[in-house]
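Before any comments, here is the structure.
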Amino acid sequence: MGDLILDPYMEDAIMDHPCLAELLADQTSLPMFHPFSGGGTPQMVDTDTFLRAIGALPPLAPPPAAPLAPAPPPDSPRTPHTYGSFLPIYGDLPPLSVAVVQETLPLPEGGDHPVPPKKTIDVAPLLPEHADQPVVTNNSATTRPQLCAPYDDDIEATLRAMETNPAERPSPYFLETTQGGRMTALVRASMIAFMDEFSRFHELADGTLQRAAYFLDRYLSVTPESDDVLQLRLVGATAVFLAAKYEDQYTLRKIDASMVAARCGYTSETRHKMVSCMETEILAALDYNLSGPTAYTFVEHFTRYYGDGKEEELLKEAAHRFTDGSLLTYGFHCYLPSVVAASAIFLARLHVLGHEPWSRDLAELTGYKAIDLMGCVCGMYSQIACPRFALFQEYFFQDP
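Laid out in C-alpha coordinates, this is it:
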(Lines of atoms letter the chains of each structure in order from A; the text may use other names.)
(Lines give C-alpha, C1' and ligand atoms only; values in the text may rest on other atoms or scores of the structure.)
Protein backbone atom coordinates (compact mmCIF):
# COMPACT_ATOMS: atom_id res chain seq x y z
CA MET A 1 0.00 0.00 0.00
CA GLY A 2 1.53 3.35 -1.01
CA ASP A 3 1.78 6.58 0.98
CA LEU A 4 -1.49 8.30 1.69
CA ILE A 5 -1.73 11.83 0.23
CA LEU A 6 -3.78 14.15 2.41
CA ASP A 7 -5.26 17.43 1.31
CA PRO A 8 -4.62 20.56 3.51
CA TYR A 9 -8.10 20.42 5.06
CA MET A 10 -7.70 16.77 6.16
CA GLU A 11 -4.22 17.47 7.52
CA ASP A 12 -5.59 20.35 9.65
CA ALA A 13 -8.36 18.06 10.94
CA ILE A 14 -5.88 15.39 11.93
CA MET A 15 -3.54 17.80 13.65
CA ASP A 16 -6.43 19.36 15.60
CA HIS A 17 -7.78 15.92 16.66
CA PRO A 18 -7.78 15.54 20.47
CA CYS A 19 -6.43 11.96 20.27
CA LEU A 20 -3.27 13.19 18.61
CA ALA A 21 -2.55 15.55 21.47
CA GLU A 22 -3.17 12.73 23.96
CA LEU A 23 -0.81 10.40 22.11
CA LEU A 24 1.90 13.04 21.96
CA ALA A 25 1.45 13.79 25.67
CA ASP A 26 1.90 10.07 26.53
CA GLN A 27 4.89 9.88 24.19
CA THR A 28 3.37 6.85 22.56
CA SER A 29 5.39 5.57 19.66
CA LEU A 30 4.49 2.90 17.25
CA PRO A 31 6.88 0.05 16.59
CA MET A 32 9.09 0.66 13.61
CA PHE A 33 10.00 -3.01 13.04
CA HIS A 34 7.79 -5.82 11.86
CA PRO A 35 7.48 -8.60 14.44
CA PHE A 36 8.84 -11.16 11.94
CA SER A 37 11.46 -9.04 10.28
CA GLY A 38 14.21 -10.30 12.56
CA GLY A 39 15.14 -6.75 13.48
CA GLY A 40 17.30 -6.29 10.43
CA THR A 41 15.26 -4.26 7.99
CA PRO A 42 13.03 -1.44 9.21
CA GLN A 43 9.59 -1.29 7.71
CA MET A 44 7.13 1.59 7.61
CA VAL A 45 4.00 1.09 9.66
CA ASP A 46 0.85 0.50 7.69
CA THR A 47 -1.02 3.79 7.17
CA ASP A 48 -4.36 2.27 8.00
CA THR A 49 -3.03 0.92 11.29
CA PHE A 50 -1.47 4.31 12.14
CA LEU A 51 -4.66 6.22 11.43
CA ARG A 52 -6.73 3.81 13.49
CA ALA A 53 -4.19 4.05 16.31
CA ILE A 54 -4.41 7.82 16.51
CA GLY A 55 -8.21 7.69 16.24
CA ALA A 56 -8.47 9.30 12.83
CA LEU A 57 -10.34 6.21 11.58
CA PRO A 58 -12.91 4.19 13.49
CA PRO A 59 -11.53 1.00 15.12
CA LEU A 60 -12.06 -2.38 13.51
CA ALA A 61 -14.87 -4.61 14.74
CA PRO A 62 -13.68 -7.13 17.36
CA PRO A 63 -13.40 -10.77 16.16
CA PRO A 64 -16.21 -13.08 17.15
CA ALA A 65 -15.71 -14.58 20.58
CA ALA A 66 -15.17 -18.36 20.97
CA PRO A 67 -18.14 -20.31 22.35
CA LEU A 68 -18.06 -20.63 26.07
CA ALA A 69 -18.03 -24.02 27.77
CA PRO A 70 -21.30 -24.93 29.44
CA ALA A 71 -21.45 -23.89 33.00
CA PRO A 72 -21.36 -26.68 35.58
CA PRO A 73 -24.47 -27.49 37.56
CA PRO A 74 -25.05 -25.28 40.53
CA ASP A 75 -24.38 -28.11 42.98
CA SER A 76 -21.08 -29.14 41.41
CA PRO A 77 -17.99 -28.43 43.54
CA ARG A 78 -16.16 -27.31 40.40
CA THR A 79 -16.25 -23.70 39.19
CA PRO A 80 -15.17 -22.11 35.91
CA HIS A 81 -11.97 -21.00 37.66
CA THR A 82 -10.68 -24.55 37.64
CA TYR A 83 -10.91 -24.86 33.86
CA GLY A 84 -8.75 -21.85 33.00
CA SER A 85 -5.01 -21.41 32.95
CA PHE A 86 -5.04 -19.62 36.32
CA LEU A 87 -5.37 -21.21 39.70
CA PRO A 88 -8.74 -20.64 41.35
CA ILE A 89 -9.11 -18.02 44.01
CA TYR A 90 -10.59 -20.01 46.85
CA GLY A 91 -12.32 -16.98 48.28
CA ASP A 92 -14.38 -16.69 45.09
CA LEU A 93 -15.69 -20.24 45.20
CA PRO A 94 -19.42 -20.50 45.87
CA PRO A 95 -20.53 -22.47 48.91
CA LEU A 96 -21.07 -26.17 48.23
CA SER A 97 -24.62 -27.29 48.80
CA VAL A 98 -23.89 -31.05 48.69
CA ALA A 99 -20.44 -31.10 50.26
CA VAL A 100 -19.48 -34.41 51.89
CA VAL A 101 -18.28 -33.92 55.41
CA GLN A 102 -16.33 -36.86 56.81
CA GLU A 103 -17.39 -37.88 60.26
CA THR A 104 -14.88 -37.56 63.01
CA LEU A 105 -13.27 -40.93 63.68
CA PRO A 106 -13.23 -42.02 67.30
CA LEU A 107 -9.93 -42.23 69.14
CA PRO A 108 -9.02 -45.65 70.50
CA GLU A 109 -8.36 -46.06 74.16
CA GLY A 110 -4.80 -45.04 74.94
CA GLY A 111 -4.11 -43.93 71.36
CA ASP A 112 -3.51 -40.61 69.66
CA HIS A 113 -4.57 -41.45 66.10
CA PRO A 114 -8.07 -42.32 64.96
CA VAL A 115 -8.56 -45.82 63.59
CA PRO A 116 -11.09 -46.31 60.78
CA PRO A 117 -13.70 -48.94 61.47
CA LYS A 118 -13.31 -52.33 59.81
CA LYS A 119 -15.54 -52.99 56.82
CA THR A 120 -17.42 -56.24 56.57
CA ILE A 121 -18.04 -57.79 53.16
CA ASP A 122 -20.93 -60.15 52.64
CA VAL A 123 -19.66 -63.23 50.78
CA ALA A 124 -22.02 -65.79 49.33
CA PRO A 125 -21.44 -69.34 50.60
CA LEU A 126 -19.25 -71.44 48.30
CA LEU A 127 -21.35 -74.55 48.75
CA PRO A 128 -25.14 -74.75 48.67
CA GLU A 129 -26.94 -75.28 51.91
CA HIS A 130 -28.04 -78.75 50.84
CA ALA A 131 -24.88 -80.13 49.27
CA ASP A 132 -26.15 -83.69 49.37
CA GLN A 133 -29.06 -82.91 47.07
CA PRO A 134 -28.82 -83.81 43.36
CA VAL A 135 -27.74 -81.10 40.98
CA VAL A 136 -30.17 -80.07 38.27
CA THR A 137 -28.41 -78.93 35.12
CA ASN A 138 -29.65 -76.02 33.05
CA ASN A 139 -29.80 -77.78 29.69
CA SER A 140 -31.46 -81.00 30.77
CA ALA A 141 -34.06 -82.26 33.17
CA THR A 142 -31.74 -84.72 34.88
CA THR A 143 -31.78 -84.76 38.67
CA ARG A 144 -29.00 -87.25 39.28
CA PRO A 145 -26.03 -86.11 41.38
CA GLN A 146 -23.10 -84.89 39.31
CA LEU A 147 -19.48 -85.43 40.28
CA CYS A 148 -18.32 -82.35 38.40
CA ALA A 149 -21.40 -80.24 37.79
CA PRO A 150 -19.91 -77.50 35.57
CA TYR A 151 -18.31 -80.03 33.19
CA ASP A 152 -20.39 -83.19 33.44
CA ASP A 153 -22.61 -82.44 30.46
CA ASP A 154 -19.65 -81.25 28.39
CA ILE A 155 -17.75 -84.49 29.05
CA GLU A 156 -20.83 -86.50 28.07
CA ALA A 157 -21.26 -84.55 24.83
CA THR A 158 -17.56 -84.87 23.95
CA LEU A 159 -17.52 -88.64 24.44
CA ARG A 160 -20.64 -89.10 22.31
CA ALA A 161 -19.22 -86.92 19.54
CA MET A 162 -15.87 -88.74 19.54
CA GLU A 163 -17.40 -92.23 19.35
CA THR A 164 -19.42 -91.28 16.27
CA ASN A 165 -16.49 -89.69 14.42
CA PRO A 166 -16.05 -91.76 11.22
CA ALA A 167 -12.32 -90.98 11.12
CA GLU A 168 -11.85 -92.83 14.42
CA ARG A 169 -14.11 -95.83 13.76
CA PRO A 170 -13.07 -99.18 12.27
CA SER A 171 -14.61 -100.34 9.03
CA PRO A 172 -17.71 -102.54 9.57
CA TYR A 173 -16.49 -105.22 7.14
CA PHE A 174 -12.71 -104.91 7.14
CA LEU A 175 -12.14 -108.71 7.02
CA GLU A 176 -14.14 -108.96 3.80
CA THR A 177 -12.88 -105.77 2.13
CA THR A 178 -9.42 -104.70 3.30
CA GLN A 179 -8.12 -108.14 4.23
CA GLY A 180 -9.75 -109.77 1.23
CA GLY A 181 -10.28 -113.12 2.91
CA ARG A 182 -6.64 -113.54 3.98
CA MET A 183 -7.74 -113.25 7.62
CA THR A 184 -10.75 -114.95 9.13
CA ALA A 185 -12.78 -114.10 12.21
CA LEU A 186 -11.14 -117.05 13.99
CA VAL A 187 -7.64 -115.68 13.29
CA ARG A 188 -8.68 -112.30 14.62
CA ALA A 189 -10.13 -113.96 17.76
CA SER A 190 -6.81 -115.78 18.31
CA MET A 191 -5.00 -112.43 18.06
CA ILE A 192 -7.33 -110.90 20.69
CA ALA A 193 -6.75 -113.90 22.99
CA PHE A 194 -2.97 -113.49 22.61
CA MET A 195 -3.25 -109.79 23.37
CA ASP A 196 -5.32 -110.50 26.48
CA GLU A 197 -2.75 -113.02 27.74
CA PHE A 198 0.07 -110.59 26.98
CA SER A 199 -1.52 -107.71 28.93
CA ARG A 200 -2.38 -109.92 31.91
CA PHE A 201 1.12 -111.42 32.06
CA HIS A 202 2.73 -108.00 32.38
CA GLU A 203 -0.08 -106.62 34.59
CA LEU A 204 -0.71 -103.66 32.33
CA ALA A 205 -3.20 -100.90 33.13
CA ASP A 206 -6.95 -101.46 33.13
CA GLY A 207 -8.53 -100.67 29.81
CA THR A 208 -5.42 -101.65 27.86
CA LEU A 209 -7.04 -104.62 26.14
CA GLN A 210 -10.07 -102.63 24.98
CA ARG A 211 -7.90 -99.86 23.53
CA ALA A 212 -5.50 -102.34 21.95
CA ALA A 213 -8.39 -104.14 20.21
CA TYR A 214 -9.67 -100.74 19.10
CA PHE A 215 -6.25 -99.98 17.58
CA LEU A 216 -6.08 -103.42 15.96
CA ASP A 217 -9.47 -103.16 14.23
CA ARG A 218 -8.69 -99.70 12.90
CA TYR A 219 -5.28 -100.85 11.69
CA LEU A 220 -6.74 -103.88 9.91
CA SER A 221 -9.40 -101.63 8.34
CA VAL A 222 -6.78 -99.79 6.27
CA THR A 223 -3.76 -102.13 6.08
CA PRO A 224 -3.81 -105.56 4.40
CA GLU A 225 -1.90 -108.02 6.58
CA SER A 226 -0.20 -111.33 5.81
CA ASP A 227 -1.06 -114.66 7.44
CA ASP A 228 2.40 -115.04 9.02
CA VAL A 229 1.98 -115.99 12.67
CA LEU A 230 4.98 -114.03 13.92
CA GLN A 231 3.92 -110.96 11.98
CA LEU A 232 0.37 -111.13 13.38
CA ARG A 233 1.73 -111.53 16.90
CA LEU A 234 3.98 -108.53 16.36
CA VAL A 235 0.99 -106.45 15.26
CA GLY A 236 -1.10 -107.51 18.27
CA ALA A 237 1.69 -107.10 20.82
CA THR A 238 2.65 -103.67 19.45
CA ALA A 239 -0.99 -102.58 19.63
CA VAL A 240 -1.01 -103.63 23.30
CA PHE A 241 2.28 -101.79 23.88
CA LEU A 242 0.87 -98.58 22.38
CA ALA A 243 -2.40 -98.87 24.29
CA ALA A 244 -0.61 -99.51 27.58
CA LYS A 245 1.56 -96.43 27.12
CA TYR A 246 -1.56 -94.42 26.36
CA GLU A 247 -3.40 -95.66 29.45
CA ASP A 248 -0.47 -95.54 31.89
CA GLN A 249 2.54 -93.26 31.75
CA TYR A 250 4.60 -95.72 33.82
CA THR A 251 4.26 -98.59 31.34
CA LEU A 252 7.93 -98.46 30.38
CA ARG A 253 8.80 -99.43 33.95
CA LYS A 254 7.07 -102.75 33.34
CA ILE A 255 7.90 -103.53 29.74
CA ASP A 256 10.04 -102.25 26.85
CA ALA A 257 10.31 -102.88 23.11
CA SER A 258 12.76 -105.78 23.48
CA MET A 259 10.39 -107.60 25.82
CA VAL A 260 7.53 -107.08 23.40
CA ALA A 261 9.53 -108.57 20.51
CA ALA A 262 10.71 -111.48 22.65
CA ARG A 263 7.09 -112.22 23.62
CA CYS A 264 6.29 -112.51 19.91
CA GLY A 265 9.10 -115.03 19.35
CA TYR A 266 11.86 -112.81 17.95
CA THR A 267 15.32 -113.46 19.40
CA SER A 268 17.68 -111.21 17.40
CA GLU A 269 19.59 -108.43 19.11
CA THR A 270 17.86 -105.83 16.95
CA ARG A 271 14.37 -107.09 17.72
CA HIS A 272 13.46 -103.82 19.49
CA LYS A 273 13.77 -102.03 16.15
CA MET A 274 11.04 -104.24 14.74
CA VAL A 275 8.67 -103.07 17.44
CA SER A 276 9.59 -99.44 16.82
CA CYS A 277 8.97 -99.81 13.09
CA MET A 278 5.60 -101.49 13.74
CA GLU A 279 4.65 -98.70 16.15
CA THR A 280 5.32 -96.14 13.45
CA GLU A 281 3.28 -98.12 10.94
CA ILE A 282 0.30 -98.45 13.28
CA LEU A 283 0.40 -94.77 14.25
CA ALA A 284 0.43 -93.74 10.60
CA ALA A 285 -2.52 -96.05 9.86
CA LEU A 286 -4.46 -94.52 12.76
CA ASP A 287 -3.51 -91.02 11.57
CA TYR A 288 -2.21 -90.48 15.12
CA ASN A 289 -5.77 -90.34 16.51
CA LEU A 290 -5.54 -92.52 19.61
CA SER A 291 -8.02 -90.96 22.02
CA GLY A 292 -11.32 -92.42 20.86
CA PRO A 293 -13.50 -93.75 23.72
CA THR A 294 -13.85 -97.51 24.11
CA ALA A 295 -16.42 -99.69 25.83
CA TYR A 296 -14.21 -99.65 28.91
CA THR A 297 -14.37 -95.83 28.86
CA PHE A 298 -18.17 -95.85 28.83
CA VAL A 299 -18.52 -98.51 31.53
CA GLU A 300 -16.42 -96.29 33.78
CA HIS A 301 -18.44 -93.28 32.67
CA PHE A 302 -21.83 -94.90 33.31
CA THR A 303 -20.78 -96.28 36.72
CA ARG A 304 -19.06 -93.13 37.95
CA TYR A 305 -21.76 -92.64 40.58
CA TYR A 306 -21.24 -96.06 42.11
CA GLY A 307 -19.96 -96.17 45.65
CA ASP A 308 -17.64 -98.62 47.37
CA GLY A 309 -20.32 -101.16 48.17
CA LYS A 310 -19.74 -104.83 47.42
CA GLU A 311 -22.75 -105.07 45.14
CA GLU A 312 -21.68 -102.09 43.06
CA GLU A 313 -18.15 -103.43 42.73
CA LEU A 314 -19.54 -106.76 41.51
CA LEU A 315 -21.72 -104.95 38.96
CA LYS A 316 -18.76 -103.02 37.57
CA GLU A 317 -16.52 -106.09 37.39
CA ALA A 318 -19.20 -108.12 35.61
CA ALA A 319 -19.80 -105.32 33.11
CA HIS A 320 -16.08 -105.19 32.28
CA ARG A 321 -15.97 -108.97 31.81
CA PHE A 322 -18.87 -108.86 29.37
CA THR A 323 -17.28 -106.06 27.32
CA ASP A 324 -13.93 -107.89 27.20
CA GLY A 325 -15.68 -111.10 26.11
CA SER A 326 -17.37 -109.27 23.25
CA LEU A 327 -13.95 -108.47 21.73
CA LEU A 328 -13.50 -112.10 20.65
CA THR A 329 -16.51 -111.97 18.34
CA TYR A 330 -16.12 -110.24 15.00
CA GLY A 331 -19.07 -107.91 14.53
CA PHE A 332 -19.38 -106.20 17.90
CA HIS A 333 -17.07 -103.48 16.61
CA CYS A 334 -20.01 -102.31 14.48
CA TYR A 335 -21.83 -101.18 17.62
CA LEU A 336 -20.96 -97.90 19.24
CA PRO A 337 -18.83 -98.32 22.38
CA SER A 338 -21.59 -96.72 24.47
CA VAL A 339 -24.08 -99.34 23.23
CA VAL A 340 -21.68 -102.18 24.12
CA ALA A 341 -21.08 -100.68 27.57
CA ALA A 342 -24.80 -100.17 28.27
CA SER A 343 -25.57 -103.75 27.12
CA ALA A 344 -22.84 -105.07 29.41
CA ILE A 345 -24.37 -103.19 32.36
CA PHE A 346 -27.77 -104.65 31.39
CA LEU A 347 -26.42 -108.20 31.58
CA ALA A 348 -24.34 -107.46 34.68
CA ARG A 349 -27.45 -106.42 36.58
CA LEU A 350 -29.15 -109.68 35.64
CA HIS A 351 -26.02 -111.60 36.62
CA VAL A 352 -25.58 -109.92 40.02
CA LEU A 353 -29.08 -108.80 41.00
CA GLY A 354 -31.17 -111.37 39.13
CA HIS A 355 -33.93 -108.83 38.39
CA GLU A 356 -34.62 -105.33 37.06
CA PRO A 357 -31.89 -105.19 34.40
CA TRP A 358 -32.92 -101.68 33.35
CA SER A 359 -34.50 -98.64 34.95
CA ARG A 360 -35.53 -95.09 34.21
CA ASP A 361 -32.37 -93.77 35.84
CA LEU A 362 -30.17 -95.98 33.64
CA ALA A 363 -32.06 -94.90 30.53
CA GLU A 364 -31.48 -91.29 31.49
CA LEU A 365 -27.84 -91.90 32.36
CA THR A 366 -26.90 -93.87 29.22
CA GLY A 367 -29.31 -92.32 26.76
CA TYR A 368 -30.68 -95.73 25.68
CA LYS A 369 -33.93 -97.49 26.37
CA ALA A 370 -33.95 -101.26 26.85
CA ILE A 371 -35.41 -101.82 23.40
CA ASP A 372 -32.49 -99.90 21.87
CA LEU A 373 -30.03 -102.42 23.36
CA MET A 374 -31.91 -105.56 22.39
CA GLY A 375 -29.69 -106.61 19.48
CA CYS A 376 -26.38 -106.07 21.28
CA VAL A 377 -27.64 -107.66 24.52
CA CYS A 378 -28.88 -110.79 22.75
CA GLY A 379 -25.62 -111.13 20.81
CA MET A 380 -23.56 -110.71 23.95
CA TYR A 381 -25.75 -113.16 25.88
CA SER A 382 -25.32 -115.80 23.19
CA GLN A 383 -21.51 -115.69 23.72
CA ILE A 384 -21.82 -116.69 27.39
CA ALA A 385 -20.95 -120.36 27.72
CA CYS A 386 -22.99 -121.22 30.79
CA PRO A 387 -25.18 -118.27 31.81
CA ARG A 388 -26.53 -118.35 35.35
CA PHE A 389 -29.54 -116.23 34.47
CA ALA A 390 -32.28 -116.26 31.88
CA LEU A 391 -32.94 -113.49 29.40
CA PHE A 392 -36.63 -112.86 28.77
CA GLN A 393 -38.15 -110.81 26.02
CA GLU A 394 -40.27 -108.90 28.52
CA TYR A 395 -37.15 -107.14 29.84
CA PHE A 396 -36.92 -105.07 26.66
CA PHE A 397 -40.55 -103.99 26.48
CA GLN A 398 -41.13 -103.00 30.07
CA ASP A 399 -41.66 -99.28 30.52
CA PRO A 400 -39.48 -98.34 33.51
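Here the UniProt record's numbering is used: the first residue of the sequence shown is 1, the next is one more, and so on.
The C-beta atom is built at its ideal place from N, Cα and C for all residues, glycine as well.
The structure presented is a predicted model; accordingly, all values stated were derived computationally and were not measured.
For the pair Ser276 and Ser338, the Cα-to-Cα distance works out to about 32 Å. Here Arg304 is exposed. Its C-beta has fewer than 16 other C-beta atoms within 10 Å.
Per DSSP, Thr177 lies in no alpha helix (DSSP H) and is assigned neither H nor E. The criterion of a C-beta distance shorter than 8 Å is satisfied by Leu209 and Ser199.
Sequence-distant Cβ neighbours of Tyr250 in its own chain, meaning closer than 7 Å and more than five residues away, do not exist here. When secondary structure is reduced to three states using DSSP, Glu356 falls in the coil class, being assigned neither helix nor strand. Ranked by how close their Cα comes to the Cα of Gly292, the residues Asp153, Pro170, Pro150 and Pro59 have Pro170 in first place. Below 8 Å, too few C-beta pairs join the region 372–384 and the region 312–320 to call them touching: fewer than three. Distance between Ala157 and Thr267, taken at the CA atoms: about 47 Å. Counted as a single uninterrupted DSSP element, the alpha helix (DSSP H) harbouring Glu247 occupies residues Val229 to Glu247.
C-alpha of Thr294 to C-alpha of Arg271: approximately 30 Å in a straight line. Straight across, the Cα-Cα distance linking Glu168 with Arg218 is about 8 Å. Within its own chain, the residues whose Cβ lies closer than 7 Å to the Cβ of Cys334, once the five positions on either side in sequence are excluded, are Pro172, listed in chain order. Taking 8 Å as the upper bound for CB-CB distance, Phe346 and Val377 are in contact here, some 5 Å apart.
Ala205 sits in coil when the DSSP states are folded into three classes, being neither helix nor strand.
For Asp308, there is no enclosing alpha helix (DSSP H), as DSSP marks it with neither H nor E.
Taking all protein chains shown into account, Ser226 has fewer than 16 neighbouring C-beta atoms within 10 Å of its C-beta and is therefore exposed.
Taking 8 Å as the cut-off, the beta carbon of Met191 is found no closer than this to the beta carbon of Gly265. When secondary structure is reduced to three states using DSSP, Ala390 falls in the coil class, being assigned neither helix nor strand. Judged by DSSP in its simplified three-state form, Pro150 adopts helix. Linking Met274 to Ala261 through their CA atoms gives a straight-line distance of about 7 Å. Residue Arg388 holds the alpha-carbon nearest to the alpha-carbon of Leu353 among Lys245, Ala363, Arg388 and Ser382.
Per DSSP, reduced to three states, the secondary structure at Ile345 is helical. Our two residues, Leu365 and Ala341, have alpha carbons roughly 12 Å apart in a direct line.
Secondary structure of Gly331 (DSSP, three-state): coil.
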